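Here the structure is laid out as structure tokens; the discussion comes afterwards.
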Amino acid sequence: MTTTTRTERTVLDDARDQLAEAVKILGLPADVHAMLAEPRRELSVSIPLRRDDGSIEVLRGYRVQHNYSRGPGKGGVRFDDAVDLDEVRALAMWMTWKCALLDVPYGGAKGGVRIDPRRYSIAELERVTRRYTSEIAPIIGPEIDIPAPDIGTDERTMAWMMDTYSVGRGHTVLGVVTGKPIALGGSQGRAAATSRGVVAVSLEVLHHLGIRPEGATAAVQGFGKVGRGAARFLAEEGLRVVAVSDVDGAISHPDGLDLPALEAYVDETGSVVGFPGSSPISGEEVLAAEVDLLVPAAVEGVIHAGNAEAVRARVIVEGANGPLSADADRILGERGVLVVPDILANAGGVVVSYFEWVQANQSYWWTEAEVNEKLVDRMTHAWRDVLVYATERHLSLRLAATCMAVERVWRAHEVRGLYP
Ligand code: NAD
2 MTTTTRTERT VLDDARDQLA EAVKILGLPA DVHAMLAEPR RELSVSIPLR
52 RDDGSIEVLR GYRVQHNYSR GPGKGGVRFD DAVDLDEVRA LAMWMTWKCA
102 LLDVPYGGAK GGVRIDPRRY SIAELERVTR RYTSEIAPII GPEIDIPAPD
152 IGTDERTMAW MMDTYSVGRG HTVLGVVTGK PIALGGSQGR AAATSRGVVA
202 VSLEVLHHLG IRPEGATAAV QGFGKVGRGA ARFLAEEGLR VVAVSDVDGA
252 ISHPDGLDLP ALEAYVDETG SVVGFPGSSP ISGEEVLAAE VDLLVPAAVE
302 GVIHAGNAEA VRARVIVEGA NGPLSADADR ILGERGVLVV PDILANAGGV
352 VVSYFEWVQA NQSYWWTEAE VNEKLVDRMT HAWRDVLVYA TERHLSLRLA
402 ATCMAVERVW RAHEVRGLYP
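Positions in the sequence shown are counted from 1; adding 1 to them yields this note's numbering.
Spelled out as structure tokens, the structure:
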């Protein structure tokens with residue numbers, strides 16, 4: 002670990018508090034909070050894995066469907082050794098708000114397996130994925146709940162999930178997961194969609210603050226599916242990406258890192274550490290970098306009461322889900338640092354997942370240019386709507402985004418009515 006994480010409260014506490022605050026601001030009855038705070042459906046499964054050496058290890062996996070009033074559940078599957086039920090519950094709740102905010106016709110869900118994928122072979126990961134998929138198969142499906150990649154999973158994982166589910170059904174079901182390889186009904190532009198969305202919003206924020214992208218500086222925490230693409234697209238827009246980190250360490254270069262060369266280096270070595278020409282720094286120094294824009298794109302809770310005062314960025318765009326604790330959010334808000342919340346900033350992935358699902362259901366494929374144009378259009382509109390809502394009501398961007406989303410979900414509940 003290159004950064005500290007907070008211990009004081011769980012992400013689920015923060016997610017529930019954000020909901021409570023939104024419910025209060027919207028003037029909704031207290032029982033609305035009770036209904037929306039509780040996941041609608043949860044499944045905890047045991048995953049016996051036969052290791053390559055013949056021994057058997059039993060892992061734990063989860064799928065939580067927080068809310069499906071507006072449509073099928075939607076959310077990633079995480080393979081990480083920090084996965085637990087409360088984390089999955091919080092992430093599922095944020096997915097509900099994210100889908101509502103971007104107005105994609107889904108509810109929120111999330112899944113995960115408690116496993117450090119770096120310690121297992123490809124064959125073992127395939128066996129884990131297939132067993133996990135068959136265990137959660139009763140509650141997933143194109144009209145029920147549609148998983149996607151998240152930390153520690155990728156398009157290959159989605160191909161295994163889709164294949165396992167399809168074998169169980171006796172026919173190919175492309176729409177059961179998104180984030181699939183292009184050869185298997187994946188969408189053009191899906192792999193880079195979250196990063197592209199992060200950058201589309203970042204450019205809007207910089208413009209809003211009167212900062213020109215050319216020559217502006219950025220730091221990115223995490224160099225995985227989200228962070229790596231975000232760093233690349235920011236550099237392509239003329240920003241100097243001066244510091245990046247991954248789980249193994251962090252590097253900096255005052256003139257801006259050469260992103261194409263860094264990506265080639267990471268493909269070869271598996272880490273940013275030791276990139277020729279860069280200086281080694283600590284993970285905390287990335288978060289405290291003197292930059293215009295900070296993009297935390299790794300894990301939850303990395304900016305907390307203990308290090309929020311050290312942050313020097315003018316803007317934080319949350320590439321990760323929940324990278325700021327509630328305390329950090331308050332401290333940074335008081336200091337005038339503009340924070341673009343996860344449910345807006347990293348929604349590009351679910352937007353293009355929605356496009357992928359639409360294409361799969363229609364068997365009609367769009368070009369990458371079409372996908373990217375529609376994505377940027379949705380992201381910039383959502384940013385502008387949130388900005389107007391926040392400005393008119395004197396709310397933080399996070400609270401504004403949460404209020405807008407909660408109101409949409411509640412409207413769906415209201416018109417559907419309570420059964421029985
Ligand atoms: P990933 O597994 O591809 O990459 C995670 C990266 O973070 C890796 O580079 C890892 O080394 C690094 N990392 C982990 N712990 C770290 C630490 N303490 N300090 C620095 N770096 C650390 O995962 P991802 O898909 O890029 O997801 C990253 C975040 O973005 C997660 O919060 C995820 O929920 C969120 N997210 C992902 C998507 C998506 O489409 N993949 C969509 C929306 C949100």
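Think of the CB as a built atom: it goes at the ideal place given N, C-alpha and C, for glycine as much as any other residue. Being a predicted model, the structure only gives us computed values, none of them experimental.
What would DSSP say about residue i, mapped onto helix, strand or coil?
i: T368; result: coil
i: K99; result: helix
i: I252; result: strand
i: E269; result: helix
i: L261; result: The residue you asked about is not Leu; residue 261 is Pro in the sequence shown. P261: helix per DSSP, three-state reduction.
i: T130; result: helix
i: Q19; result: helix
i: A402; result: helix
i: I141; result: coil
i: R42; result: strand
i: T285; result: Note that residue 285 is Glu in the sequence shown here, rather than Thr. The answer is helix: DSSP assigns E285 an H, G or I state.
i: T4; result: The predicted model places T4 with a pLDDT of 47, which falls under 50 and marks its position as unreliable; any figure quoted below should be read in that light. It is coil, neither helix nor strand.
i: D81; result: strand
i: H172; result: coil
i: Y166; result: helix
i: S326; result: coil
i: H208; result: helix
i: H67; result: strand
i: L185; result: helix
i: V59; result: strand
i: D378; result: helix
i: L345; result: helix
i: P470; result: Residue 470 is absent from the structure shown; the chain starts at 2 and stops at 421.
i: G350; result: helix
i: L388; result: helix
i: S280; result: strand
i: T218; result: strand
i: A192; result: coil
i: I48; result: strand
i: A244; result: strand
i: T179; result: coil
i: E238; result: coil
i: A290; result: coil
i: V33; result: helix
i: R409; result: helix
i: I439; result: Because the chain is modelled from 2 through 421, residue 439 falls outside the range shown and cannot be assessed.
i: L92; result: helix
i: I152; result: coil
Just checking my contact of residue i with residue j at CB under 8 Å: how many whole Å lie between their CB atoms?
i: V12; j: E319; result: 13 Å between Cβ atoms; not a contact.
i: S354; j: G180; result: 6 Å
i: V129; j: L37; result: In fact, because the Cβ distance is near 32 Å, the residues do not count as touching under 8 Å.
i: D82; j: D117; result: 4 Å
i: V177; j: P150; result: Not really, about 14 Å apart at Cβ, beyond 8 Å.
i: S253; j: S279; result: 6 Å
i: G230; j: S196; result: 3 Å
i: L288; j: I304; result: 6 Å
i: D14; j: G323; result: Wrong, their Cβ atoms sit about 11 Å apart, outside the cutoff.
i: R41; j: Q66; result: 5 Å
Name the one or two DSSP bridge partners that residue i has.
i: V359; result: In the DSSP output, where bridge partners are listed per residue, V359 has none listed.
i: E393; result: Paired residues: none, contrary to the question.
i: L147; result: Here residue 147 is Ile; the residue named in the question, Leu, does not match the sequence. Partner(s): K75.
i: I304; result: L325
i: I317; result: L295 and V340
i: D14; result: Paired residues: none, contrary to the question.
i: A231; result: A231 is not bridged to any residue.
i: K111; result: V65
Cβ of residue i within 8 Å of Cβ of residue j?
i: L185; j: E238; result: no
i: L29; j: W411; result: yes
i: A93; j: D146; result: no
i: V199; j: V352; result: no
i: W367; j: Q222; result: no
i: A1; j: A220; result: The shown model of the chain, from 2 to 421, leaves out residue 1, and the question about it has no answer.
i: S122; j: D164; result: no
i: V168; j: T218; result: no
i: V407; j: L27; result: yes
i: R191; j: E374; result: no
i: I152; j: R79; result: yes
i: A402; j: I332; result: no
i: A321; j: V338; result: no
i: R132; j: I57; result: no
i: D85; j: R64; result: no
Examine ligand 2 and report whether any of its heavy atoms sits within less than 7 Å of the Cβ of residue i.
i: F356; result: What this structure holds is ligand 1, not ligand 2.
Is the Cβ of residue i closer than 8 Å to any Cβ of chain D?
i: A309; result: In summary, chain D is missing from the structure at hand, where a single protein chain is found.
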